[in-house]
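Q: Oh and the sequence shown: position 148 is 148 in UniProt numbering, straight run, nothing missing. For glycine and all other residues, C-beta sits at the position ideal for the given N, C-alpha and C.
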Amino acid sequence: MSESLLARVARGDRAALRALYEAHSVRLFGIAMAILRDRDAAADALHDAFLNIARRADQFDPARGAPEHWLGGVVRHAALDIARRRGRELPSEDALLGDAPVPPEQFETLAASAEGARLRACLDGLEPKNRDGILLAFVHGLSHPQISARLGTPLGTVKAWIRRGLLALRECLA
Numbered sequence: 001m002s003e004s005l006l007a008r009v010a011r012g013d014r015a016a017l018r019a020l021y022e023a024h025s026v027r028l029f030g031i032a033m034a035i036l037r038d039r040d041a042a043a044d045a046l047h048d049a050f051l052n053i054a055r056r057a058d059q060f061d062p063a064r065g066a067p068e069h070w071l072g073g074v075v076r077h078a079a080l081d082i083a084r085r086r087g088r089e090l091p092s093e094d095a096l097l098g099d100a101p102v103p104p105e106q107f108e109t110l111a112a113s114a115e116g117a118r119l120r121a122c123l124d125g126l127e128p129k130n131r132d133g134i135l136l137a138f139v140h141g142l143s144h145p146q147i148s149a150r151l152g153t154p155l156g157t158v159k160a161w162i163r164r165g166l167l168a169l170r171e172c173l174a
């Protein structure tokens, strides 16, 4: 369904864009929130992402992956662009601000599930440099330049590590 909606969006169908938004906005907003931790900024990221989706829907290639993954990538890039523009904020660990650390039992529950165990096994199978790059990017929401600075590694090398790691994860999880 999403694939046909994207094809219609590529042809300028505004009703298809609305249907795509209605079908995916909640999940995509969650991705932006996970990165930005700010409702207003996440809403801005979602807005920017859907403008990009409307302009670039013709660039979606079903041979490269599911439409949901492509949409998630567009939102993730929009959120990271906003994060770079405003600078990286450090969490205050003040529960009233929503910056409280996640209780360890939540991670244990995920890790104990079949999906969590499978993901962990696949992550454990990666080389440490690939695993670290992926975790810094997708769990901690750091941009490639931020990861490069943190690891003291050239930007191109970090990008290559993450890309190779994602390809290996994709293969492992398939």
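1. What are the uninterrupted segments assigned as alpha helix (DSSP H) that are 4 or more residues long and contained completely in the stretch 145-174, given in chain order?
2. Would you call the stretch 44-64 and the stretch 74-87 in contact, with 3 or more CB pairs under 8 Å?
3. Where does ARG11 sit, in a helix, a strand or coil, going by DSSP?
4. Indicate the three-state DSSP secondary structure (helix, strand or coil) for PRO104 in the structure shown.
5. If we ignore side chains and look at the alpha-carbon of each, how far apart do ARG116 and ALA83 end up?
6. Judging by CA-CA distance, which residue of ALA137, ARG55, LEU142 and ILE31 is the nearest neighbour of ALA7?
7. Need the endpoints of the alpha helix (DSSP H) that PHE50 sits in, please.
8. Tell me whether MET1 sits in a helix, a strand or coil according to DSSP, three-state version.
A: In brief:
1. 155-173
2. Touching, yes.
3. coil
4. Model confidence at PRO104 stands at a pLDDT of 49, short of 50, so the residue's coordinates are unreliable; what they give is reported in the following sentence. It is helical.
5. Note on identity: in this sequence residue 116 is Gly, with Arg being the wrong assignment. Between GLY116 and ALA83, the C-alpha separation is close to 28 Å.
6. ARG55
7. Looking at the DSSP string, the run of the alpha helix (DSSP H) that includes PHE50 is 39-56.
8. coil
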